[in-house]
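Taken in sequence, the protein lines are chains A and B. Its first residue numbered 86, the first sequence is counted upward by one per residue in the numbering used here. Its first residue numbered 5, the second sequence is counted upward by one per residue in the numbering used here. In this text, a Cβ means the ideal position worked out from N, Cα and C, and glycines have one as well.
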Amino acid sequence: DAGVIQSPRHEVTEMGQEVTLRCKPISGHDYLFWYRQTMMRGLELLIYFNNNVPIDDSGMPEDRFSAKMPNASFSTLKIQPSEPRDSAVYFCASSWGQGVTAFFGQGTRLTVV
Amino acid sequence: GESVGLHLPTLSVQEGDNSIINCAYSNSASDYFIWYKQESGKGPQFIIDIRSNMDKRQGQRVTVLLNKTVKHLSLQIAATQPGDSAVYFCAEAGGGATNKLIFGTGTLLAVQP
């Protein structure tokens, strides 16, 4: 298996633009997580899905952030409009069933200028 | 909310020595703990895990110790190698949200040749 795949690896955008980050979880995994990593706040859980259904979105910072999982093999995290403080590395991770161990993708480094 | 925190942000060791990375957790309901290793430019990588019904678990060159009395977790790396240089995170889960991993702030392990 190729592991969790995220795209793009790097994204530079201007403030106010819409940004969409993409994730393909490991095949067969039924949990998908979106994390954000910054030097100041570390790794923060934004939202997670189980069987494509959002379970906990309490970590989503504000309404500018939204996440979807239209099917078991694809999820998106959208920021609209983007702001410089959204600059961070965004990770997607997936896990299976009651196995809590999450496997992470390589991340998307987002820079908003 | 409750969080996981690390005592030492940076740990410098000599190649060949043993390393001990510490982590304090505050949620007494957590029943699953994981150590992750994150190398520069990569996503967190699973190292070892332990459930709350255990106090010690060993892997290849790594040992995790759990002290529930003082809510303390440690990762021991034997014969530390330059390839062990990375940021190490502890993460906890449980307390009714079994699959929701909450990460600590991380410790940078620097291995000196």
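- For chain B, the residues of the stretch 111–134 of chain A that bring a beta carbon within less than 7 Å of one of its beta carbons are Y116, G127, L128, L130 and Y133, in chain order.
- The alpha-carbon of S89 of chain B is positioned some 10 Å away from that of E19 of chain B.
- A187 of chain A reaches chain B at L105, counting residues in chain order whose Cβ is nearer than 7 Å.
- Closest in C-alpha terms to N26 of chain B, from the list B:P86, B:R55 and B:H76, comes B:H76.
- Between R126 of chain A and T98 of chain A, the alpha-carbon positions lie close to 22 Å from each other.
- Here A90 of chain B is bridged, per DSSP, to B:L113.
- Short of 6 Å from the beta carbon of F37 of chain B, and not among the five residues preceding or following it, lie these beta carbons of its own chain, in chain order: I54, L77 and E96.
- Just so you know, the alpha carbons of L79 of chain B and R107 of chain A end up roughly 33 Å apart.
- Interface criterion not met: the Cβ of Y29 of chain B is under 9 Å from no Cβ in chain A.
- Near chain A, meaning a CB-to-CB distance below 8 Å, the residues of the stretch 48–75 of chain B are P48, Q49, F50 and D53.
- Assigned with DSSP and collapsed to three states, P169 of chain A falls in helix.
- Distance from V91 of chain B to L112 of chain B at the Cβ level is roughly 5 Å; contact confirmed, criterion being Cβ atoms closer than 8 Å.
- When secondary structure is reduced to three states using DSSP, W119 of chain A falls in the strand class.
- Here the C-alpha atom of I90 of chain A lies approximately 34 Å from the C-alpha atom of D59 of chain B.
- Measuring C-alpha to C-alpha distances from H114 of chain A to each of A:R121, A:E129 and A:G88 identifies A:G88 as the nearest.
- No Cβ of chain B is located within less than 9 Å of the beta carbon of G101 of chain A.
- With respect to the 9 Å criterion, L131 of chain A and P146 of chain A are classified as neighbours on the basis of their beta carbons.
- In terms of Cβ geometry, T193 of chain A and P93 of chain A form a close pair [threshold 9 Å].
- Annotation for N137 of chain A: no beta strand (DSSP E) segment contains it, and DSSP assigns it neither H nor E.
- Annotation: S56 of chain B to E168 of chain A spans about 41 Å, alpha carbon to alpha carbon.
- When the Cα atoms are used, D171 of chain A and I24 of chain B turn out to be separated by approximately 34 Å.
- Counting every other CB atom within 10 Å of its CB across the protein chains shown gives S30 of chain B a total below 16, marking it as exposed.
- Rounded to whole angstroms, L162 of chain A and C177 of chain A show a C-alpha spacing of 9 Å.
- Residues T161 and K163 of the same chain have their beta carbon placed closer than 6 Å to that of T105 of chain A, with the five preceding and five following residues left out of the count.
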